[in-house]
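*Asks:*
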Amino acid sequence: MPEPRRHQIDLSFLRTYLEEFAANVNRERDFDQDEYATLWSRRDNSLQLSHQETFEYRRILSQSKEKFAPNGDMSEKALDSALKDAIFLVVGDRAPDAEELKGRIEEAVVEFRDRLQAEPEEFESWVPIAGADPESLPVSLALIDFRAIDDSDMDRLRSIVRTKHTADIQGKLDHIERYLASELLGTTVAIHRVPARDQDAGLTLAERAVLESIECLNFFAELMPYNRGTLSMARNGPPTGTVTSLTLASEGSFATEPKAKLPWTYSFARHADLTPSAAKALQRVEALLTKERRTKVEDLLLRAVRWGGRSAAAETPEDTLLYSIIALESLLLPSGSGELSFRLSRLVARVMGKDQDTRFQLAKDVVRLYDLRSKVVHDGRIEVTEDDKDQASTIALEVIARIVNDQQVAQTTKLKDLQDIFDYRIAE
């Protein structure tokens, strides 16, 4: 395999940092308690860093992450380990002379470069999710497999372990089978495969993709008939269980009322019941989710859909209102300039209104909802009614779905051109 990338990675900043770090190492000093900040250990060696040295190291780590893993395919943990290995290699267990120090620094830079140039491997992550109707599984969407773990999945896991056959992997499987197998079986997971340079990065990228997908799917929860369930990452979901409200009267009688939400679940099978326009929007969103490189306009469309999905999954009327307005603003006001409520109301009216009277009323409603949103944000108001919540959600879902399906928008790649489209429609 060719190695064309080796000369393309500029590590001059690391070389300079290692030279300065080595020059400031004091093997005899003891830190005052106030000066001591960080302790590192490697085998028989240890390093104590002052507050300033710790700050500088974190700056170098952050710079490395931005420069060498901007897409997150190498985790901060892996970069941290590579940087510390380089530092310990340079410092060593004894002070080197000038020539030896130069050689250590060169070796450390080469090893760090090799870590950066490690070929990505494919990682498969099983991300637990909550809220899915098990009867509608398994299903694949946007390169993600949604399924309930069954015996076949456990058999495949055992097969992988037999192939690898290392003590560490076998030990983890033994732990799963002994303590977790009963909990895993039947668990709903989203399975996603991503290329990454280390396992932590693989899991982070998979969770990021799953979250993006389920927030987009939640957008369509309100558009599916007979469905009010939403999806969530299992650890982010609302608490389960039954909560009961109890009211006591002075004469001794009492009344109870269950406060737990009805156990709605998100049914993938209900996708078949979407209206033609909603089904078209779902297909468009799925296509965008699977694209490796998206335009700025496509990223904007997905952000708006995700905020609409967050609105559908919100726990309070206030959150639903805020998320709905954010979804509309992020899509219809990409430049964020001008009189926002005026522009937003006119755009919503133009997109949804069939005639002048309808557009006039829609514009008034959006201005009122935007003012209510401002009161929630700036005055801390917590008096959003169910009607206001539902109206904000309905407007956001309808407008975003129409823009997602808009052919002129689909052919646009630049935010300025999208803004021009919206400006023209306001002027019509």
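Counting from 690, one number per residue, gives the positions in the sequence shown under our numbering. Note that beta-carbon positions come from the ideal geometry of N, C-alpha and C, so glycine has one too.
For a quick check, are the C-beta atoms of lysine 955 and glycine 918 less than 8 Å apart?
*Replies:* Correcting the residue identity first, residue 955 is tyrosine in this sequence and not lysine. In contact: tyrosine 955 and glycine 918 (Cβ atoms closer than 8 Å).
*Asks:* Among Arg1039, Asp786, Ile849 and Ser829, which residue has its Cα nearest to the Cα of alanine 1116?
*Replies:* Nearest of Arg1039, Asp786, Ile849 and Ser829 to alanine 1116, Cα basis: Arg1039.
*Asks:* Inspect the CB distances between the region 792 to 803 and the region 840 to 853 and report whether three or more fall short of 8 Å.
*Replies:* no
*Asks:* How many angstroms separate the CA atom of tyrosine 1012 from the CA atom of glycine 891?
*Replies:* 29 Å
*Asks:* Can the beta-carbon of lysine 985 be found less than 8 Å from the beta-carbon of asparagine 1094?
*Replies:* no
*Asks:* Assuming alanine 831 and glutamate 975 form a contact by the criterion Cβ under 8 Å, report the distance between their Cβ atoms to the nearest whole angstrom.
*Replies:* 5 Å
*Asks:* Secondary structure at histidine 696, three-state DSSP: helix, strand or coil?
*Replies:* Since pLDDT at histidine 696 reaches only 47, below the 50 mark, its modelled position is unreliable, and the value read off the structure follows with that caveat. Three-state DSSP puts histidine 696 in a helix.
*Asks:* Which residues in the same chain have their Cβ closer than 8 Å to the Cβ of leucine 826, if we skip the five residues on either side of it in sequence?
*Replies:* Within the same chain, Cβ atoms closer than 8 Å to the Cβ of leucine 826 are found at Phe835, Arg836, Ala837, Thr877 and Phe957, the five residues on either side in sequence being excluded.
*Asks:* Grouping DSSP H, G and I as helix and E and B as strand, with all else coil, what is serine 1024?
*Replies:* In this structure, serine 1024 counts as coil in the three-state DSSP scheme.
*Asks:* Got a sec? Which residues, its chain only, sit under 6 Å from glutamate 813 by beta carbon, not counting five neighbours each side?
*Replies:* Arg882
*Asks:* Evaluate isoleucine 833 with the Cβ neighbour count: other Cβ atoms within 10 Å of its Cβ, from every protein chain shown; 16 or more gives buried, anything less gives exposed.
*Replies:* buried
*Asks:* For the region 698 to 705 against the region 737 to 748, are there 3 or more C-beta pairs whose distance is under 8 Å?
*Replies:* Contact fails: fewer than three Cβ-Cβ distances are below 8 Å.
*Asks:* What would DSSP say about valine 1073, mapped onto helix, strand or coil?
*Replies:* coil
*Asks:* Just grab the DSSP bridge partners of proline 884 for me.
*Replies:* Glu811
*Asks:* Nearest by alpha-carbon distance to phenylalanine 801: which of Asp774, Arg995 and Lys791 is it?
*Replies:* Asp774
*Asks:* In the DSSP assignment, the alpha helix (DSSP H) including arginine 836 goes from what residue to what residue?
*Replies:* Taken as a continuous stretch (DSSP letters only), arginine 836 belongs to no alpha helix (DSSP H), being part of the beta strand (DSSP E) at 833 to 837.
*Asks:* Excluding the five sequence neighbours on either side, which residues of its own chain have a C-beta within less than 8 Å of the C-beta of asparagine 713, listed in chain order?
*Replies:* Hits under 8 Å: Glu742.
*Asks:* If you drop the 5 nearest sequence neighbours on each side, which residues of the same chain put their C-beta closer than 7 Å to that of alanine 923?
*Replies:* Pro817, Ile818 and Ala819
*Asks:* If you draw a straight line from the alpha carbon of glycine 1069 to that of threonine 1009, how long is it in whole angstroms?
*Replies:* 15 Å
*Asks:* Alpha carbon to alpha carbon, how far is valine 779 from glutamate 789?
*Replies:* 9 Å
*Asks:* What do you reckon, is the C-beta of glutamine 1096 under 7 Å from a heavy atom of the ligand SAM?
*Replies:* Here there are no bound small molecules, and the ligand SAM is not part of this structure.
*Asks:* On the three-pair Cβ rule with 8 Å, is the region 1071 to 1078 touching the region 977 to 984?
*Replies:* The region 1071 to 1078, when compared against the region 977 to 984, does not touch it at the 8 Å Cβ threshold.
*Asks:* Count the other CB atoms within 10 Å of the CB of threonine 705; is the residue buried (16 or more) or exposed (fewer)?
*Replies:* exposed
*Asks:* Under 8 Å by Cβ, that's how I've got valine 899 and alanine 879 pegged, so tell me the actual separation to the nearest angstrom.
*Replies:* 4 Å
*Asks:* Taking only beta-carbon positions, decide if isoleucine 838 is within less than 8 Å of chain D.
*Replies:* No chain D is part of this structure, which consists of one protein chain only.
*Asks:* Tell me whether serine 764 sits in a helix, a strand or coil according to DSSP, three-state version.
*Replies:* coil
*Asks:* Just reading off the alpha helix (DSSP H) that leucine 963 is part of, what are its end residues?
*Replies:* Where leucine 963 is concerned, there is no enclosing alpha helix (DSSP H), given that its DSSP letter is neither H nor E.
*Asks:* So, alanine 994 versus leucine 1017, is the Cβ gap smaller than 8 Å?
*Replies:* Going by the sequence as given, residue 994 is valine instead of alanine. Going by C-beta atoms, valine 994 is not nearer than 8 Å to leucine 1017.
*Asks:* Who are tyrosine 682's beta bridge partners in DSSP?
*Replies:* Lying outside 690 to 1117, the shown extent of the chain, residue 682 is not represented and no answer is given.
*Asks:* Between the alpha carbons of proline 1023 and isoleucine 776, how many angstroms are there, rounded?
*Replies:* 45 Å
*Asks:* Give every residue of the same chain whose Cβ lies closer than 6 Å to the Cβ of tryptophan 953, excluding the five residues on either side of it in the sequence, and list them in chain order.
*Replies:* Arg917 and Gly918
*Asks:* Would a C-beta distance cut-off of 8 Å place leucine 1058 and isoleucine 1014 closer than the cut-off?
*Replies:* Yes.
*Asks:* Suppose you measure from the CA of leucine 1029 to the CA of aspartate 1109; what does that come to, to the nearest Å?
*Replies:* 16 Å
*Asks:* Name, in chain order, the residues that DSSP records as bridge partners for leucine 912.
*Replies:* Answer is none; leucine 912 lacks a bridge partner.
*Asks:* Within 10 angstroms of the Cβ of proline 914, are there 16 or more other Cβ atoms? Answer buried if so, exposed if not.
*Replies:* exposed
*Asks:* Here's the rule: buried if 16 or more other CB atoms are within 10 angstroms of the residue's CB, otherwise exposed. What is phenylalanine 828?
*Replies:* Looking at the sequence itself, residue 828 is valine, so the reference to phenylalanine does not match. Exposed, by the Cβ-count rule.
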